[in-house]
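Step one of this worksheet: look at the structure below.
Numbering (the working numbering), first residue to last: 2 to 339.
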């Protein structure tokens with residue numbers, strides 16, 4: 002029996018899952034043809050396997066078969082905001098990454114258009130080409146009608162706060178774009194190759210580093226129209242925010258680009274719930290406020306779980322109104338659906 006085929010009367014309400022991943026056929030075909038730097042193999046069940054530093058992804062049917070995935074979502078009573086995932090197009094040569102990102106975005110827009118509200122999507126960008134990324138964000142929002150983009154926490158070792166990306170953030174701010182920061186292999190990944198330390202620890206730390214760097218560099222202050230969202234409950238941001246504020250008080254460098262504590266910016270970010278521990282969820286709610294927490298599952302990665310997402314959120318001691326905010330209405334507001 003499908004574990005998601007639960008009795009409809011047991012469900013609280015439809016969830017809008019903002020953290021999940023999909024590989025369009027055009028991308029997988031390009032990698033399979035050898036048009037990519039990414040190595041593809043197959044597992045014993047015939048699933049493609051994508052290899053990149055410190056990690057690999059087994060591309061199960063939920064990653065690549067939208068009809069299969071829709072069936073899972075209907076049984077689970079879940080809508081999803083589709084995003085691309087690691088290793089991203091930025092690992093390619095620019096001549097490859099730009100058309101590859103466009104093809105991914107075109108595929109996402111087609112899925113959104115043909116699945117009657119079951120799926121929404123954020124675009125991806127060829128982040129190794131900052132100018133092309135700014136142009137593609139414009140196309141994603143103005144032509145394809147998507148509400149924003151997912152970016153990775155570093156771009157081949159370059160920080161998102163780097164000034165080369167400021168034209169991108171300007172266009173995102175002008176359009177009120179959602180910019181969702183998802184982790185990727187951090188600098189120093191060679192120290193994280195055992196025990197799955199890269200996705201288990203490195204991902205969360207790179208998200209934390211990216212968010213803190215953006216704030217101290219003054220990027221959210223300079224581009225206030227951007228709606229920032231962090232994966233995996235913000236990494237360690239809710240836990241470390243007080244320490245960042247102490248840095249602001251102690252070090253002149255930390256006050257060079259901002260005139261108020263970093264936590265005040267970080268509380269304006271959105272945080273997805275891909276941390277299924279109740280104490281961690283309560284910490285994030287206490288830090289960012291109930292209006293800035295959005296449901297996420299990390300489906301269909303092996304470490305993700307729709308059922309754990311559901312159980313962790315339904316187990317919180319919340320009013321019906323606050324529970325609805327996390328399950329769907331915060332995300333609906335963020336994405337411009339209401």
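In this text, a Cβ means the ideal position worked out from N, Cα and C, and glycines have one as well.
What residue range is occupied by the uninterrupted alpha helix (DSSP H) comprising residue 67? Position 66 of the chain shown, counting from 1, holds the residue named residue 67. Residue 67 -> alpha helix (DSSP H) spans 67-77.
Does residue 226 come out as helix, strand or coil in the three-state DSSP assignment? In the chain shown, residue 226 corresponds to position 225, counting from 1. Coil.
Which whole-angstrom value is the C-beta distance of residue 101 and residue 93, which I expect to be below 8 Å? Numbered from 1 along the chain shown, position 100 holds the residue referred to as residue 101. Numbered from 1 along the chain shown, position 92 holds the residue referred to as residue 93. The C-beta distance from residue 101 to residue 93 rounds to 6 Å, short enough to fall under 8 Å.
Could you give the distance in angstroms between the alpha-carbon of residue 107 and the alpha-carbon of residue 145? In the chain shown, counting from the first residue as 1, residue 107 sits at position 106. In the chain shown, counting from the first residue as 1, residue 145 sits at position 144. Approximately 7 Å, taken between the alpha carbons.
Hey, how far is the Cα of residue 284 from the Cα of residue 240? Counting from 1 along the chain shown, the entry for residue 284 is found at position 283. Counting from 1 along the chain shown, the entry for residue 240 is found at position 239. If I take the Cα positions, the gap works out to 8 Å.
With DSSP as the reference, label residue 208 as helix, strand or coil. Translated into the one-based positions of the chain shown, residue 208 becomes position 207. In the displayed model, residue 208 falls within a helix according to three-state DSSP.
Limits of the beta strand (DSSP E) - the one that residue 49 falls within: Start at 1 with the first residue of the chain shown, and residue 49 comes out as number 48. Residue 49: member of the beta strand (DSSP E) spanning 49-53, first to last residue.
Give me the Cα-Cα distance between residue 273 and residue 311, rounded to the nearest whole angstrom. For the purposes of this step, residue 273 is identified with residue 272 of the chain shown, where counting begins at 1. For the purposes of this step, residue 311 is identified with residue 310 of the chain shown, where counting begins at 1. Each residue's alpha carbon lies about 13 Å from the other.
Cα-Cα separation, residue 162 to residue 211: Here residue 162 refers to the residue found at position 161 when the chain shown is read from its first residue. Here residue 211 refers to the residue found at position 210 when the chain shown is read from its first residue. Between residue 162 and residue 211, the C-alpha separation is close to 8 Å.
Closest Cα partner of residue 298 within the set 288, 314 and 215: Numbered from its first residue, the chain shown carries residue 298 at position 297. Looking at the Cα atoms, 314 is the closest of the given residues.
Euclidean distance between Cα positions of residue 220 and residue 46: Stepping through the chain shown from its first residue, residue 220 is reached at position 219. Stepping through the chain shown from its first residue, residue 46 is reached at position 45. For residue 220 and residue 46, the distance between alpha carbons rounds to 45 Å.
Around the C-beta of residue 124, are 16 or more other C-beta atoms found within 10 angstroms, so that it is buried, or is it exposed? By one-based count along the chain shown, residue 124 stands at place 123. Classification for residue 124: buried.
Between 227, 264, 254 and 253, which lies nearest to residue 238 when the distance is taken from Cα to Cα? As a position in the chain shown, residue 238 is number 237, starting the count at 1. It is 264 whose Cα lies nearest to the Cα of residue 238.
Would residue 28 and residue 114 be called neighbours here (beta carbons separated by less than 8 Å)? In the chain shown, residue 28 corresponds to position 27, counting from 1. In the chain shown, residue 114 corresponds to position 113, counting from 1. Taking 8 Å as the Cβ cut-off, residue 28 and residue 114 do not qualify as a contacting pair.
Do residue 329 and residue 15 have their C-beta atoms closer together than 8 Å? Within the chain shown, residue 329 is the residue found at index 328, counting from 1. Within the chain shown, residue 15 is the residue found at index 14, counting from 1. One thing to note: residue 329 has its Cβ within 8 Å of the Cβ of residue 15.
Within 10 angstroms of the Cβ of residue 8, are there 16 or more other Cβ atoms? Answer buried if so, exposed if not. Here residue 8 corresponds to residue number 7 of the chain shown, with the count starting at 1. Because the pLDDT of residue 8 is 38, which lies under 50, any placement of that residue in the model is unreliable, and the number read from its coordinates should be weighed accordingly. Label assigned to residue 8: exposed.
Selected residue, minimal CA-CA separation from residue 235, among 250, 262, 288 and 222: Translated into positions along the chain shown, residue 235 becomes position 234. For residue 235, the closest of 250, 262, 288 and 222 by C-alpha to C-alpha distance is 288.
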